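Mind the numbering: the sequence shown is residues 143 to 261 in our numbering, read in order.
Using N, Cα and C, we set each Cβ at its ideal position, and we do this for glycine too.
Just so we're clear, the structure is a prediction, and the values are computed from it rather than from any experiment.
I have placed the structure first, in the form of structure tokens, so that the comments after it can refer back to it.
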Amino acid sequence: MSASQAPALDAVALQLLAALEEYGRDAERMVANWPDLDTYREVSAQAETLRMYCATLSEARVQWVELLIAHAELVHHLWRGQYGHGETDGRTLADVRDRHAQCVAALREVCQRFIDRRA
């Protein structure tokens with residue numbers, strides 16, 4: 143990374159942190175209010191925003207993919223629960239939510255480390 147790129151990457155990392163906070167909060171709201179399709183659309187759009195930021199920060203790519211998988215599993219579990227299928231692969235909604243929250247936290251930690259290292 144060149145010195146001229148550093149401020150832009152710092153800004154992306156800060157924007158990613160802010161977007162991640164909003165995404166985490168709204169994902170919990172989506173689960174609590176399921177099946178609120180407006181919230182589902184908002185959270186899906188926020189996931190796309192996270193993807194764009196993570197594409198810029200190579201340090202965040204692995205955690206982004208893990209979060210993307212956890213997001214897909216969470217939504218899949220919610221839809222299955224909506225139609226009476228209950229547990230998927232032996233996991234409860236609490237298990238899937240916990241894994242999703244862990245992925246959000248891991249991505250947040252990577253961003254914070256990136257920012258702290260640059261400070």
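I believe C245 touches Q205 by the beta-carbon criterion, under 8 Å. Please report the beta-carbon distance rounded to the nearest angstrom. Position 103 of the sequence shown holds residue 245. Position 63 of the sequence shown holds residue 205. Contact holds; Cβ gap of about 7 Å.
Closest Cα partner of D178 within the set L209, T191, L220 and T234: For the purposes of this step, residue 178 is taken as residue 36 along the sequence shown, with counting starting at 1. The option with the nearest alpha carbon to D178 is L220.
Residue nearest to A212 in terms of C-alpha spacing, selected from V238, E201, Q157 and A160: Reading the sequence shown from its first residue, position 70 is the one you call residue 212. Selected option, being the one with the closest Cα: V238.
Cutoff 8 Å: R239 Cβ touching any chain C Cβ: No chain C is present in this structure, which holds just one protein chain.
Local Cβ density within 10 Å of W169, reported as buried at 16 or more and exposed below that: Sequence index remark: in the sequence shown, residue 169 carries index 27 (1-based). Checking the displayed sequence, the identity of residue 169 turns out to be Ala instead of Trp. When all chains shown are included, A169 counts as buried.
Give the C-beta separation of L162 and L216 to the nearest angstrom, bearing in mind that I take them to be a contact with Cβ-Cβ under 8 Å. In the sequence shown, counting from the first residue as 1, residue 162 sits at position 20. In the sequence shown, counting from the first residue as 1, residue 216 sits at position 74. With 8 Å as the limit, L162 and L216 do not qualify as a contact, their Cβ atoms being about 15 Å apart.
Run the CB neighbour count on M172, radius 10 Å, all protein chains shown included, and call it buried at 16 or more, exposed below. Counting from 1 along the sequence shown, the entry for residue 172 is found at position 30. Per the 10 Å Cβ criterion, buried.
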